[in-house]
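Enquirer: Counting in the UniProt record's numbering, the sequence shown runs from 1 upward without gaps. Ideal Cβ placement from N, Cα and C applies to all residues, glycine included. Quick caveat, the model's predicted, so the values are computed rather than measured.
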Amino acid sequence: MSENDITFGEDEALVSKSRNRKQPDPNDPLWTDMWYLNRAEITGNSKMDHNVKEAWDLGYTGRGVVVTILDDGLERTHPDIAPNYDARASYDVNDRDDDPMPRYEYSDENRHGTRCAGEVAAIFNNSLCIVGIAYNARIGGIRMLDGDVTDAVEAASLGHNSDYVDIYRLSHKEFLPKEFDGSQSTA
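(1) Would you please state the rounded distance, in angstroms, between the beta carbons of Pro100 and Arg143? I believe it to be under 8 Å.
(2) Rounded to whole angstroms, what is the Cα-Cα separation between Arg103 and Thr61?
(3) Measuring CA to CA, which of Thr150, Tyr85, Tyr135 is closest to Thr77?
(4) Decide if the stretch 54-72 is in contact with the stretch 139-154; the criterion is three or more beta carbon pairs, one per stretch, under 8 Å apart.
(5) Excluding the 5 residues flanking Asp146 on each side, which residues of the same chain have their C-beta closer than 8 Å to its C-beta?
(6) Report the option in Val131, Asn125, Ser127 whose CA atom is closest to the CA atom of Arg115.
(7) Going straight from the alpha carbon of Leu30 to that of His50, what length do you get?
(8) When DSSP labels each residue in this structure, what does Thr61 get in the three-state scheme?
(9) Using the Cα positions of Ala89 and Gly159, report the straight-line distance between them to the nearest angstrom.
(10) Quick one: is Gly64 buried, meaning 16 or more other Cβ sit within 10 Å of its Cβ, or exposed?
(11) Under the DSSP definition of a beta bridge, which residues are partnered with Val71?
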């Protein structure tokens with residue numbers, strides 16, 4: 001490369017980012033009920049805390065991470081999820097289409113996937129519901145548990161856009177094959 005090949009130049013500058021900013025408590029109304037994230041503040045027992053606030057203060061908020069929930073569907077229009085919804089990380093294996101919306105009926109049973117998505121990526125400080133542990137993550141959903149769960153359904157779910165999705169989350173113990181965790185227990 002010669003000097004004539006350079007079309008644009010700029011002096012280098014050191015740019016630093018403060019990662020130790022104390023986050024305010026979220027104004028999400030159910031934050032104080034989220035004992036599984038916020039135990040030390042509620043009970044005073046720091047040994048039972050997930051240290052989520054400390055992680056947020058260090059800048060770990062899920063930014064740049066894509067998570068897909070494998071469950072009974074994802075209500076992509078939910079106001080606490082919609083801003084982080086990622087269509088590329090979503091699919092409906094049961095109906096074989098791109099819309100992971102749950103099938104709601106009189107029993108109102110297909111809400112688990114949406115709850116799981118909220119626990120991961122619900123918006124921080126928007127005065128709605130809860131806050132997600134990784135509130136800046138992109139969130140998708142695979143609707144797979146609203147029908148027969150076969151090897152083909154599992155393969156289609158776990159293989160969906162695998163070069164794009166960083167984390168797949170399936171939290172139903174009865175659907176986890178032994179190959180995934182060996183013990184048949186879930187965290």
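Expert: So, to answer that:
(1) 5 Å
(2) Approximately 31 Å between the Cα atoms of the pair.
(3) That would be Tyr85, whose Cα lies nearest to the Cα of Thr77.
(4) yes
(5) Asp72, Gly73, Asn94, Pro102, Arg103, Asn110
(6) Val131
(7) Annotation: Leu30 to His50 spans about 17 Å, alpha carbon to alpha carbon.
(8) coil
(9) 11 Å
(10) exposed
(11) Note that residue 71 is Asp in the sequence shown, not Val. Looking at the DSSP output, Asp71 bridges to Arg143.
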